[in-house]
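Student: Quick one: the structure is below, and I'll ask about it shortly.
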Amino acid sequence: MIGINEHTKATIKDAFEKPLRIMVVIVGLYIAVLNLPYDLQTDSLMVRGLKTVFIITFAYGLYYMDQVITIAMSKFRRKIQFEASEILKKFTLRIYHVVIILVAITMVADLFGINVNSIIAGLGIAGLAVALAAQDTLANVFVV
Numbered sequence: 005m006i007g008i009n010e011h012t013k014a015t016i017k018d019a020f021e022k023p024l025r026i027m028v029v030i031v032g033l034y035i036a037v038l039n040l041p042y043d044l045q046t047d048s049l050m051v052r053g054l055k056t057v058f059i060i061t062f063a064y065g066l067y068y069m070d071q072v073i074t075i076a077m078s079k080f081r082r083k084i085q086f087e088a089s090e091i092l093k094k095f096t097l098r099i100y101h102v103v104i105i106l107v108a109i110t111m112v113a114d115l116f117g118i119n120v121n122s123i124i125a126g127l128g129i130a131g132l133a134v135a136l137a138a139q140d141t142l143a144n145v146f147v148v
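For reference, each letter of the sequence shown is one residue, going 5 to 148 in this note's numbering.
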């Protein structure tokens, strides 16, 4: 288990300080919109817009929490006694950022009624193709 120290707590607080302020406002607006007598179309559009802003704000906080991910990865590497190069560290953080962005885009698309099942299936097939293509390269990186 990777422990959380005071530095990690401060980093998490820094990453989510601005998004949490925005989220409090969004939740307040969401409750206000739900209680106001609006036309169904307008209400639905407003609610989807507020949910979209909430998703983007949360993804923003996760995106900038990369210092916590770096600390957790370094503790994990020390625990399993694995030394990684700087390129591998940056590559892992890049994958983390891409996953956060793709999940946020997928959630927003699903919120607006776009069928994301085929997109996810296509990304799975593309991921399999990349994994098979990079199999030899990754085998050379992780030689024990």
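Yeah, the Cβ is synthetic: ideal placement off N, Cα and C, and Gly gets one too. For clarity, every value in this text was computed on a predicted model and none was experimentally measured.
1. Hey, out of I16, V51, I26, whose CA is closest to F116's CA?
2. Tell me whether the beta-carbon of V107 lies closer than 8 Å to the beta-carbon of T56.
3. Looking at C-beta atoms only, is the number of pairs between the segment 26 to 34 and the segment 60 to 78 that lie closer than 8 Å three or more?
4. How many angstroms separate the CA atom of M5 from the CA atom of L92?
5. In terms of alpha-carbon separation, which member of I118, F58, L136, R81 lies closest to L33?
6. Going by the CB atoms, is the gap between T74 and A23 shorter than 8 Å?
Tutor: Short version:
1. Considering only alpha carbons, the answer is V51.
2. No, the pair does not count as a contact, with Cβ atoms beyond the cut-off.
3. Below 8 Å, enough C-beta pairs join the segment 26 to 34 and the segment 60 to 78 to call them touching: three or more.
4. Its pLDDT being 44, under 50, M5 is placed unreliably in this model, and the value from its coordinates should be taken loosely. Approximately 22 Å, taken between the alpha carbons.
5. That would be F58, whose Cα lies nearest to the Cα of L33.
6. Residue identity differs from the one stated: residue 23 is Pro in this sequence, not Ala. The Cβ atoms of P23 and T74 do not sit closer than 8 Å to each other.
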